[in-house]
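Structure record follows, encoded as structure tokens.
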Amino acid sequence: MLDRFLLPVVKSGLQPVAAALARRGVGADSLTVTGFVIGLCAVPALALQFDGFALVAILVSRLFDALDGAVARLNGPTERGAFLDITLDFAFYGCIPLGFALADPARNALPAAVLLAAFMGTGSSFLAFAVIAAKRGLTSEVYPQKGIYYLTGLTEGAETIAALALMCVFPQSFALIAYVFAAACLVTTLTRLRQGWVAFGGPSEPTTRAVPTNEEA
Numbered sequence: 044m045l046d047r048f049l050l051p052v053v054k055s056g057l058q059p060v061a062a063a064l065a066r067r068g069v070g071a072d073s074l075t076v077t078g079f080v081i082g083l084c085a086v087p088a089l090a091l092q093f094d095g096f097a098l099v100a101i102l103v104s105r106l107f108d109a110l111d112g113a114v115a116r117l118n119g120p121t122e123r124g125a126f127l128d129i130t131l132d133f134a135f136y137g138c139i140p141l142g143f144a145l146a147d148p149a150r151n152a153l154p155a156a157v158l159l160a161a162f163m164g165t166g167s168s169f170l171a172f173a174v175i176a177a178k179r180g181l182t183s184e185v186y187p188q189k190g191i192y193y194l195t196g197l198t199e200g201a202e203t204i205a206a207l208a209l210m211c212v213f214p215q216s217f218a219l220i221a222y223v224f225a226a227a228c229l230v231t232t233l234t235r236l237r238q239g240w241v242a243f244g245g246p247s248e249p250t251t252r253a254v255p256t257n258e259e260a
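The opening residue of the sequence shown carries number 44 in the numbering used here; numbering runs sequentially from there.
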């Protein structure tokens, strides 16, 4: 929901850094992998209840995730890079609730499981739409620069990062935050299901056109 407003600002701010990295031969894929590895460090940190360290790892990881796209646009985006980026993004988001569950299984295991189930809904609807959109030659009006079709929703990257950060700042409220965000993810999944139902209702003839956003559908 907020990504369309925040991404241009982030893109502008990171452009000088991305340009410097590109000049030094740093590739987007290496940034993607580095950011993922840094993000994984949050899992043992959360399990050991080093929540401040976990927060830093999450934020730095997402910084690398933003940088890899900026560098890719300078060097020329690739389908392999888009595949690697989205795969590791979903893996990263799925690992963070695990850290909270390990920290306090009795209190956090159930809300972590609910949140992971909600992530499955948003992730599967997102990727399924992208696959069929590519087959039909559809393009996104909101995120035309992305390597795959980025479907909008109530819970996008910015909202997810904010929720994970809140969990690190208020770990004692993990269950409440997880349940609330899982409910928001459910809304996103239902919205995307509706968009897919409407968008793919006609014959599957390849064409290049845009699908209406949530507000337009």
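Glycine included, every Cβ here is placed at the ideal spot set by N, Cα and C.
Please read all numbers here as calculations on a predicted model, not as lab measurements.
Query	Result
Under the rule that 16 or more other beta-carbon atoms within 10 Å means buried, what is proline 59, buried or exposed?	exposed
Comparing the C-beta of valine 52 with each C-beta of chain D, is any distance below 8 Å?	Structure shown: chain D not included; a single protein chain is present.
Give me the Cα-Cα distance between valine 230 and leucine 197, rounded to the nearest whole angstrom.	7 Å
Could you work out which residue in Phe224, Cys211 and Leu64 is closest to alanine 100 when comparing CA atoms only?	Cys211
Rounded to the nearest angstrom, what separates alanine 144 and asparagine 151 at their Cα positions?	5 Å
When the Cα atoms are used, what is the spatial distance from aspartate 111 to alanine 156?	30 Å
Can you tell me the Cβ-Cβ gap for leucine 207 and isoleucine 139, rounded? I've got them flagged as a contact below 8 Å.	5 Å
Determine the closest residue to arginine 179 out of Phe169, Val114, Tyr192 and Gly200, with distance taken between C-alpha atoms.	Tyr192
Could you please give the first and the last residue of the uninterrupted alpha helix (DSSP H) stretch that includes glutamate 202?	200-212
Taking all protein chains shown into account, do 16 or more other C-beta atoms lie within 10 angstroms of the C-beta of proline 214, making it buried, or fewer, making it exposed?	buried
Between the region 159-170 and the region 87-107, do at least 3 Cβ pairs fall closer than 8 Å?	no
Measure the Cβ-Cβ separation of leucine 194 and phenylalanine 224 and say whether it is below 8 Å.	no
Just how far apart, CA to CA, sit alanine 88 and phenylalanine 217?	15 Å
Closest to arginine 67 by C-alpha separation, out of Val114, Ala97, Gly166 and Glu199, would be which residue?	Val114
Measuring straight from C-alpha to C-alpha, what distance separates glutamate 122 and aspartate 72?	11 Å
Which ranges does the alpha helix (DSSP H) cover as unbroken runs of at least 4 residues, wholly within the region 108-158, from first to last along the chain?	122-146
Just to confirm my understanding: we take isoleucine 204, look at its own chain, exclude 5 residues before and 5 after, and list those with CB closer than 6 Å. What are they?	Arg105
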